[in-house]
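Plus 9 on top of the position in the sequence shown (first one is 1) and you've got our numbering.
Ideal placement from N, C-alpha and C gives every residue a C-beta, glycine not left out.
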Amino acid sequence: MKKIIILNIILMFAICSCDQGFMDFDTSKASLYFTQTSVEKVFYASDKDTLEVNLTINTTGIIGETDRSFALKIINDSTSALSGFDYEPLKESYIFKAGETSANVNIKLFKNDSVDVRASRLYLGFEELNGFRPGPLENAFVDIKSSNVIEKPDHWPYQYGQFSPEKFNIFFLITGFDSFPSESDFASGSATRLYLMSSVSYALKTYWAENEILDENGNPVPW
Numbered sequence: 010m011k012k013i014i015i016l017n018i019i020l021m022f023a024i025c026s027c028d029q030g031f032m033d034f035d036t037s038k039a040s041l042y043f044t045q046t047s048v049e050k051v052f053y054a055s056d057k058d059t060l061e062v063n064l065t066i067n068t069t070g071i072i073g074e075t076d077r078s079f080a081l082k083i084i085n086d087s088t089s090a091l092s093g094f095d096y097e098p099l100k101e102s103y104i105f106k107a108g109e110t111s112a113n114v115n116i117k118l119f120k121n122d123s124v125d126v127r128a129s130r131l132y133l134g135f136e137e138l139n140g141f142r143p144g145p146l147e148n149a150f151v152d153i154k155s156s157n158v159i160e161k162p163d164h165w166p167y168q169y170g171q172f173s174p175e176k177f178n179i180f181f182l183i184t185g186f187d188s189f190p191s192e193s194d195f196a197s198g199s200a201t202r203l204y205l206m207s208s209v210s211y212a213l214k215t216y217w218a219e220n221e222i223l224d225e226n227g228n229p230v231p232w
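This is how it looks when you write it as structure tokens:
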């Protein structure tokens, strides 16, 4: 009989502990995270004076029955961009609509004289607001860069031939992109790898073969 009573007491503690942990997760531990942690935009890929970065933010926890607000914050130590000059000022808060665990935030970047000589950097994280907190460290921040300076990407593939500003511009002409794909876009298993490594590579070679490409001094640009 004593064994049965002791077993029941242990079960009661276990149930209470599980309930308490579940309640804690539902309320105070809902976390936010970015689906992208690095974004680069280049103005020389288009004739636009503004470019938009579309961020997707997800939340963990139980789906809210009402609209819930969250806020972004600027990490000043890692940011060189100026609000109102390099980018449109952030809103005080953004909304997860009722029944949704994902929200979109648009960041508008401005072209100006400064991005002609240096990259502008905007580093964002999350405020702790309305029970939300930053999620895992690797997804708790996003690094947004904009520039009008042509620089060779570290992951420029050899299949695209020798890098040159002219070829870089033709890449954007062919693809219609407004930023160079990330290293993960070229990685094995990526949904975009086949397009980038086969279709785009072939299009670049064809363009080079059918057109005379000259640099700013009128000299032929080698493949």
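Residue i versus residue j: straight-line alpha-carbon distance, rounded
i, j, result
"LEU205", "PHE119", "28 Å"
"ASN148", "ASN121", "30 Å"
"ASN113", "GLN45", "12 Å"
"THR88", "VAL48", "14 Å"
"PHE52", "LYS154", "11 Å"
"PHE34", "ALA90", "Caution is warranted here: a pLDDT of 35 is assigned to PHE34, below 50, making its placement in the model unreliable, and the coordinate value is therefore given only provisionally. About 36 Å."
"GLU97", "SER173", "32 Å"
"GLY73", "ALA107", "6 Å"
"GLU109", "SER92", "30 Å"
"LYS214", "PHE181", "14 Å"
Residue i versus the options, residue with shortest Cα-Cα distance
i, options, result
"SER1", "SER188, SER207, THR201, THR75", "In this structure the chain extends from 10 to 232, so residue 1 is not present and cannot be described."
"THR184", "GLU219, ALA107, GLY108, TYR211", "TYR211"
"TRP217", "ILE159, TYR169, PHE186", "TYR169"
"SER193", "THR215, LEU131, PRO166", "PRO166"
"ILE83", "LYS57, ASN67, SER102", "SER102"
"PHE105", "SER123, SER207, ASP86, THR65", "THR65"
"LEU178", "SER191, ASP163, VAL158, ALA196", "Reading off the sequence shown, one finds Asn at residue 178, where the question assumed Leu. Comparing Cα-Cα distances from ASN178 to each of SER191, ASP163, VAL158, ALA196, the minimum goes to VAL158."
"ASP163", "PHE195, PHE181, ASP152", "PHE195"
"ALA80", "GLU137, LEU131, PRO190", "GLU137"
"LYS176", "GLU225, ASN115, LEU146", "GLU225"
Interface flag, residue i vs chain D, CB-CB below 8 Å
i, result
"ILE179", "The question asks about chain D, but that chain is absent: this structure has only one protein chain."
Other residues of its chain near residue i: CB distance less than 7 Å, five sequence neighbours each side excluded
i, result
"SER55", "ASP187"
"SER199", "SER193"
"PRO143", "SER40, LEU41, GLY134, PHE135, ALA149"
"LYS161", "PHE172"
"ASN67", "TYR42, THR44, THR110, SER111"
Rounded Cβ spacing between residue i and residue j (contact assumed at less than 8 Å)
i, j, result
"ASP95", "SER129", "4 Å"
"LYS117", "GLU61", "6 Å"
"ASN139", "ARG202", "Wrong, their Cβ atoms sit about 40 Å apart, outside the cutoff."
Cβ neighbours of residue i in the same chain (closer than 8 Å, five flanking residues each side left out)
i, result
"GLN171", "PRO231, TRP232"
"THR59", "LYS117, LEU118, PHE119, LYS120"
Same chain, Cβ closer than 6 Å to residue i, five either side skipped, listed in chain order
i, result
"ASN220", "none"
*Complete runs of the alpha helix (DSSP H) confined to the region 201 to 229 [at least 4 residues]*: 210 to 219
* To do: Could you name each continuous beta strand (DSSP E) segment of 3 residues or more that falls completely within the region 39 to 109, going from the start of the chain to the end?
  => 39 to 43, 47 to 51, 59 to 68, 77 to 79, 81 to 83, 103 to 105
Alpha helix (DSSP H) runs contained entirely in the region 112 to 191, provided each spans 4 or more residues: Scanning the region 112 to 191 for uninterrupted alpha helix (DSSP H) segments of 4 residues or longer gives 174 to 184, listed from N- to C-terminal end.
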